[in-house]
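J.:
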Amino acid sequence: MSRSLLLLLLLPILCGLGAKNAASKVVCRDEDGAPVDWFYMYKLPRIHTHYGARRNSSGFNYLYITSANYDTWRLSTHEVTTTESMPGKLLQPLFDDERVLIVAYNDQKPNSNSSTLKAHAKGLLATDGESAVWLVHSVPHYPEIPVYKYPLTGGRYGQSFLCMSLQASEVDKVATQLRLMAPLIYYKRTPAKVLAQFPILEQVVEGKWQNEAPFQNKVKLETLGGTKFKSFAKSGKAVTELYEDFIAPELDVNLLVETWRNGGGNLESNCTKSDKVFNIREIHEQQLQIAFNTTSDHSKWAVSQETGLKLWRWRVGGADWICVGDINRQREQLVRGGGSVCLKNSKVAQLYRQLIQGFEPCPRNANQKRPKENEN
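In structure tokens:
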């Protein structure tokens, strides 16, 4: 058999292997399943207004932007419950590939009504040793593994998602943050050859948490595409408010914060420091005319107030930060671990700012003291 004929016969097999390897690469995925450097998702609450009319939806619709397209929020044609959704297309192939290391954590794990006093943190870290994804989200009881499933309980309230496609060199940086937060790990699949590359992640898998100061930490993360994020994490031993005590002063910005406001112990907007923190009251996506109150929202995100020079739709020279993470602005969260991941990007920050319909002003007595942790 001639060499050219042999190559012709082998070509389909070689191409098939190449396609399989490309499809199994550990990266974030868009609506079409194509690799993207990052994506942000905003799952809408079940009850919201749409073009001024009250709408009782399934509770599983979502808005999204990706690194490939972030000029405006887009409403997905898929529901987050299906494997055709962005998180479904991301996660199910990872679940199916036994070569991929997966660590999933959630203070309210799937198929359980119990909570925990471990970190108030929810997410998933996956790597094949060559690349990695870190998915940070706010959904209790999610995701189920090994078959992708979104919980029915996750339909009522709004939820937030951030996915980052990371270089393998960043995995132990993420692990450093997890080791500080001490999350509840409910699922781990750790191929020995992959885990051996990441000694700090191995400590996380074994439950060897950081018990010594400092109890707050920030790290820089770089995606496969070169996008730079900042991860902020705290231990419950820090006894601090993540946004006003750590993120706002580190970034030197005023923050508008959207977190869970149902239940007791809500912290008021705070203007006592040079970097102020305000609680968002209402969300309104103007282009799609979708609106809801913060009491219908379980997402956790913060965006810096506008600064700098405005040129047409965007601002330049300002501190345009958007952060997505875990922690609520509530008293009991002072003693819980958790964190947030921030990106400096004027377009993405502005898309989040445009969602804000109103926020809570600071109390008239701007020198108010924060209530003690043991107050009810």
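Going left to right, the sequence shown walks through residues -18 to -1, 1 to 358 as mature numbering (1 follows the signal peptide of the UniProt record, and there is no 0) numbers them. Where is the CB? At the ideal position from N, CA and C, for every residue including glycine. Quick caveat: nothing in here was measured; it's all calculated off a predicted structure.
1. Distance, Cα to Cα, Gln185 vs Trp191?
2. For the beta strand (DSSP E) containing residue 360, name the first residue and the last one.
3. Could you name the residues of the same chain whose beta carbon sits closer than 6 Å to that of Gly208, not counting the 5 residues immediately before and after it, in chain order?
4. Would you call the stretch 338 to 345 and the stretch 241 to 259 touching, i.e. three or more CB-CB distances under 8 Å?
5. Quick check on Ser97: buried or exposed, where buried means 16 or more other Cβ atoms within 10 Å of its Cβ?
6. Would you say Ser213 and Gln179 are within 9 Å of each other, going by their C-beta atoms?
7. Give a single yes or no on whether Cys324 has its beta carbon closer than 8 Å to a heavy atom of the ligand SAH.
8. Mapping DSSP to helix, strand and coil, what is Glu223?
9. With a threshold of 7 Å on Cβ separation, who are the neighbours of Gln141 within its own chain once the five nearest residues in sequence on each side are excluded?
10. What whole-angstrom Cβ distance do Ile304 and Leu325 have, given they're in contact under 8 Å?
11. Span of the beta strand (DSSP E) holding Glu288?
12. With a threshold of 7 Å on Cβ separation, who are the neighbours of Val201 within its own chain once the five nearest residues in sequence on each side are excluded?
13. Which term fits Glu223, buried or exposed, when burial requires 16 or more other beta carbons within 10 angstroms of its beta carbon?
14. Let me know if Ala220 comes out buried or exposed under the rule of 16 or more other beta-carbons within 10 Å of its beta-carbon.
15. Throw me the rounded Cβ distance for the Ser217 and Leu144 pair, which I believe falls under 8 Å.
16. Three or more beta-carbon pairs under 8 Å between the stretch 311 to 324 and the stretch 96 to 112, yes or no?
17. On the criterion of 16 or more Cβ atoms from any shown chain inside 10 Å, does Arg81 qualify as buried, or is it exposed?
18. Please name the residue or residues paired with Gln198 in a DSSP beta bridge.
19. Check whether the Cβ atoms of Cys10 and Ser147 lie closer than 9 Å to each other.
20. For Gly15, which of helix, strand or coil comes out of DSSP?
21. Nearest-angstrom Cα distance between Ser85 and Leu107?
22. Rank Val62, Asn327, Val306 by C-alpha distance to the C-alpha of Thr289 and give the top, closest one.
23. What do you get for Asn188, buried or exposed, if any count of 16 or more other CB atoms within 10 angstroms of its CB means buried?
24. Just verifying my parser: in three-state terms, what is the DSSP assignment at Lys104?
25. Can you tell me whether Asp279 is helix, strand or coil according to DSSP?
26. Can you tell me the Cα-Cα spacing of Pro181 and Asp110, whole angstroms?
27. Cα-Cα, which of Tyr87, Arg346, Val330 is closest to Thr48?
28. When the Cα atoms are used, what is the spatial distance from Lys91 to Val239?
29. Distance check for Leu99 and Lys255, CA to CA, integer angstroms please.
30. With distances taken Cα to Cα, identify the nearest neighbour of residue 404 among Gly70, Pro231, Arg346.
31. Taking C-beta to C-beta, are Val8 and Leu76 nearer than 9 Å?
32. Rounding to the nearest angstrom, what Cα-Cα distance links Trp242 and Phe274 in this structure?
33. Which residues bound the alpha helix (DSSP H) around Ile182?
34. Grouping DSSP H, G and I as helix and E and B as strand, with all else coil, what is Gly340?
35. With a 10 Å radius around its C-beta and 16 neighbouring C-beta atoms as the bar for buried, classify Phe42 as buried or exposed.
36. Can Arg237 and Gln287 be called in contact, C-beta distance under 9 Å?
T.: Put simply:
1. Straight across, the Cα-Cα distance linking Gln185 with Trp191 is about 7 Å.
2. No answer is possible for residue 360: the residues shown for the chain start at -18 and end at 358.
3. Beyond the five residues adjoining it in sequence on each side, Gly208 comes within less than 6 Å, by CB distance, of no other residue in the same chain.
4. The stretch 338 to 345 vs the stretch 241 to 259: in contact.
5. Result: exposed.
6. No, they are not a contact pair.
7. Among the components of this structure there are no ligands whatsoever, and the ligand SAH is therefore not found.
8. Looking at Glu223 - three-state DSSP - the assignment turns out to be coil, as it is neither helix nor strand.
9. Excluding positions up to five away in sequence, the list reads Lys25, His119, Ser120, Val121, His280, Ser281.
10. Confirmed, Cβ separation roughly 5 Å.
11. If you look at Glu288, you'll find it isn't in any beta strand (DSSP E); DSSP assigns it neither H nor E.
12. Taken in chain order, the residues that qualify are Lys155, Thr158, Gln159, Ser213.
13. It counts as buried.
14. It is buried - the Cβ of Ala220 has at least 16 other Cβ atoms within 10 Å.
15. Taking the Cβ atoms as the reference, Ser217 lies roughly 21 Å from Leu144, outside the contact range of under 8 Å.
16. At 8 Å Cβ cutoff, the stretches touch.
17. Arg81 comes out exposed.
18. Paired residue(s): Lys216.
19. Cβ distance < 9 Å, so Cys10 and Ser147 count as in contact.
20. Judged by DSSP in its simplified three-state form, Gly15 adopts coil rather than helix or strand.
21. Looking at the sequence itself, residue 85 is Val, so the reference to Ser does not match. The alpha-carbon separation between Val85 and Leu107 amounts to approximately 5 Å.
22. The residue among Val62, Asn327, Val306 with its C-alpha nearest the C-alpha of Thr289 is Asn327.
23. With the sequence shown as reference, residue 188 is identified as Glu, and Asn is not the correct amino acid for it. Classification of Glu188: exposed, given that the 10 Å Cβ count is below 16.
24. Looking at Lys104 - three-state DSSP - the assignment turns out to be strand.
25. Assignment of Asp279 by DSSP, reduced to helix, strand and coil, places it in the strand class.
26. A straight line joining the alpha-carbon of Pro181 with that of Asp110 spans about 15 Å.
27. Of all alpha-carbon atoms in Tyr87, Arg346, Val330, the one lying nearest the alpha-carbon of Thr48 is that of Val330.
28. The alpha-carbon atoms of Lys91 and Val239 are separated by roughly 25 Å.
29. Lys255 and Leu99 have their C-alpha atoms some 29 Å from each other.
30. With the chain covering -18 to 358 only, the question about residue 404 has no answer from this structure.
31. Yes; because the gap between Cβ atoms is below 9 Å, this pair is in contact.
32. Going from the Cα of Trp242 to the Cα of Phe274 covers about 13 Å.
33. Counting along the chain, the alpha helix (DSSP H) containing Ile182 begins and ends at 181 to 187.
34. In this structure, Gly340 counts as strand in the three-state DSSP scheme.
35. By the neighbour-count criterion, in which 16 or more other beta carbons inside 10 Å mark a residue as buried, Phe42 falls on the buried side.
36. The sequence shown places Leu at residue 237, rather than the Arg named in the question. Yes, Cβ-Cβ distance for Leu237 and Gln287 is below 9 Å.
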